[in-house]
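Participant: Numbering (the numbering used here), first residue to last: 2 to 324. Just so you know, even glycine gets a beta-carbon here, dropped at the ideal spot from N, CA and C. Remember, it's a predicted structure, so these values are computed and weren't measured experimentally. Please read through the structure below; I'll follow up with questions.
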């Protein structure tokens, strides 16, 4: 994928800048790509090149827009902000048509460490929610020497216990997971392919009931769902986590390591939206024992499943506090 800027195509170090984009009139980001593992990852960068790097990762069904306001705040404080589009989203593409379109957790973690390698980042702050929070937790658990600090939203310890995935949860939790069961049926695959915008908008409303997003906000993100691998990646993700479909053998070694449910030994702050409609915070913090370094859980009032977009000051403050 070659992107044009001004007088022609610029290429350096495997990265190609494509365009500058204004964020809320308060700054610009540079959209780039990097060949990383099996992917050409599209990512947005803002802030000084020599700033402390912070990589922020979105989940499903969201995209890099979730971090626009956070990037504005952190880049103004001297951070180098890097916000990738996950596999299956936006302009991120597979380098080979033969690669399995896997959405499994190990793939997300491998993509993140591959991006850090491609950008020659020895260490970085990591922050994310949903799938992105899982990728950040995986790298923090398996490659702690690469992580300066972690901000994990929603589930604090966001590493799937696939071996026990068939163990039923309390009915009130099972009801919130309707979309997972839906995607485990062929009807769900067809529904996502046919009605992806309506379905994802509905999920936003359920998961963030106190977030009054407008249609333009959703539409800017929904463009990322037009990725040709979006449906396949999403379906594989939700089937693999229940053990209903095999993963990519290339990630077997990572899945074996994750099956041991490794502790996270880097400084970490967990943000949980008080109004999260799919993963509401419990009164007891059962995840705290999985963190062996500095750890703090913060409940974010009037926020749901997407804290960086719903409460950007809170998310940015968590990064600043770790720094």
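Would residue 290 be called buried (16 or more neighbouring beta carbons within 10 Å of its own) or exposed?
Facilitator: Here the question's residue 290 lines up with position 289 in the chain shown. Residue 290 should be labelled exposed.
Participant: On a CA-only basis, which of 190, 191, 219, 195 is nearest residue 204? Give me that one, please.
Facilitator: By one-based count along the chain shown, residue 204 stands at place 203. Per the Cα distances, 219.
Participant: Am I right that residue 91 and residue 228 are in contact with their C-beta atoms under 8 Å? What's the rounded C-beta distance?
Facilitator: By 1-based counting over the chain shown, the position of residue 91 is 90. By 1-based counting over the chain shown, the position of residue 228 is 227. 6 Å between Cβ atoms; contact.
Participant: Measuring alpha carbon to alpha carbon, tell me which residue in 292, 124, 114 is nearest residue 326.
Facilitator: One cannot answer for residue 326 here, as it falls past the ends of the chain, which runs 2 to 324.
Participant: Restricting to Cα atoms, I'd like to know which of 322, 66, 277, 285 is closest to residue 211.
Facilitator: Taking the first residue of the chain shown as position 1, residue 211 is located at position 210. Closest option to residue 211, Cα to Cα, is 277.
Participant: Using 10 angstroms around the beta-carbon of residue 165, count the other beta-carbons present and answer buried if the total reaches 16, otherwise exposed.
Facilitator: Counting from one through the chain shown, the residue named residue 165 turns up at place 164. Label assigned to residue 165: exposed.
Participant: So, do the stretch 140-151 and the stretch 245-263 have three or more beta carbon pairs nearer to each other than 8 Å?
Facilitator: Judged by Cβ distances under 8 Å, the stretch 140-151 makes contact with the stretch 245-263, as three or more pairs qualify.
Participant: I need the straight-line Cα distance from residue 71 to residue 53, nearest angstrom please.
Facilitator: Residue numbering aside, residue 71 sits at position 70 when the chain shown is read from its first letter. Residue numbering aside, residue 53 sits at position 52 when the chain shown is read from its first letter. Whole-angstrom Cα-Cα distance: 15 Å.
Participant: Between residue 201 and the rest of its own chain, which residues show a CB-CB distance below 6 Å, the 5 nearest in sequence each way excluded?
Facilitator: Taking the first residue of the chain shown as 1, we reach residue 201 at position 200. Closer than 6 Å at the Cβ level, and outside the excluded window around residue 201, lie 62.
Participant: May I have the straight-line CA-CA distance separating residue 300 from residue 213, to the nearest angstrom?
Facilitator: Against the chain shown, residue 300 aligns to sequence position 299. Against the chain shown, residue 213 aligns to sequence position 212. Answer to the nearest angstrom: the Cα atoms are 19 Å apart.
Participant: Less than 8 Å between the CB atoms is what I'm expecting for residue 163 and residue 242, so what's the real figure, rounded?
Facilitator: To locate residue 163, count along the chain shown from 1; it is residue 162. To locate residue 242, count along the chain shown from 1; it is residue 241. The pair is a contact, with the Cβ atoms about 6 Å apart (cut-off 8 Å).
Participant: Just verifying my parser: in three-state terms, what is the DSSP assignment at residue 267?
Facilitator: Taking the chain shown and counting its residues from 1, the one referred to as residue 267 is at position 266. Coil, per DSSP.
Participant: Leaving out the 5 sequence neighbours to the left and right, which residues in its chain are closer than 6 Å to residue 115 when beta-carbon positions are compared?
Facilitator: The count along the chain shown starts at 1 and reaches residue 115 at position 114. Correct list, in chain order: 37, 38.
Participant: Buried or exposed: where does residue 302 fall if 16 or more other Cβ atoms within 10 Å of its Cβ makes it buried?
Facilitator: The sequence position of residue 302 within the chain shown is 301, counting from 1. Burial call: exposed.
Participant: Could you check where the alpha helix (DSSP H) with residue 204 kicks off and where it finishes?
Facilitator: Reading the chain shown from its first residue, position 203 is the one you call residue 204. It spans 187-208 - the alpha helix (DSSP H) in which residue 204 sits, taken as one unbroken run.
Participant: Where does residue 70 fall in DSSP's three states?
Facilitator: Within the chain shown, residue 70 is the residue found at index 69, counting from 1. In the structure shown, residue 70 sits in a helix (DSSP, three-state: H, G or I).
Participant: Which of the three DSSP states is assigned to residue 99 in this structure?
Facilitator: In the chain shown, counting from the first residue as 1, residue 99 sits at position 98. In this structure, residue 99 counts as coil in the three-state DSSP scheme.
Participant: According to DSSP, residue 129 sits in a beta bridge with which residue or residues?
Facilitator: As a working note, residue 129 is residue 128 in the chain shown. DSSP output for residue 129 lists 58, 153 as bridge partner(s).
Participant: Anyone know if the C-beta pair for residue 249 and residue 56 falls short of 8 Å?
Facilitator: As a first step, residue 249 must be located in the chain shown, where it is residue number 248. As a first step, residue 56 must be located in the chain shown, where it is residue number 55. Result no, Cβ atoms of residue 249 and residue 56 do not sit closer than 8 Å.
Participant: Inspect the beta-carbon positions of residue 298 and residue 286 and report whether they are closer than 8 Å.
Facilitator: Start at 1 with the first residue of the chain shown, and residue 298 comes out as number 297. Start at 1 with the first residue of the chain shown, and residue 286 comes out as number 285. Cβ distance < 8 Å, so residue 298 and residue 286 count as in contact.
Participant: With respect to the alpha helix (DSSP H) encompassing residue 85, which residues constitute its N-terminal and C-terminal limits?
Facilitator: Numbered from 1 along the chain shown, position 84 holds the residue referred to as residue 85. Note, residue 85: premise wrong, no alpha helix (DSSP H); beta strand (DSSP E) at 80-85.
Participant: Quick one: any contact between the stretch 151-159 and the stretch 132-141, if contact means 3 or more CB pairs under 8 Å?
Facilitator: A contact exists between the stretch 151-159 and the stretch 132-141.
Participant: Tell me the DSSP secondary structure of residue 300 in three-state form.
Facilitator: Along the chain shown, one-based indexing puts residue 300 at 299. Residue 300: strand per DSSP, three-state reduction.
Participant: Between residue 67 and residue 309, is the Cβ-Cβ spacing less than 8 Å?
Facilitator: The residue you call residue 67 lines up with position 66 of the chain shown. The residue you call residue 309 lines up with position 308 of the chain shown. Contact flag set, yes.
Participant: Bridge partners for residue 120 per DSSP, in chain order?
Facilitator: Counted from its first residue, the chain shown places residue 120 at position 119. Paired residue(s): none; residue 120 is not in a bridge.
Participant: Should residue 196 go down as buried or exposed, given a rule of 16 or more other Cβ atoms within 10 Å for buried?
Facilitator: For the purposes of this step, residue 196 is identified with residue 195 of the chain shown, where counting begins at 1. So residue 196 ends up on the exposed side.
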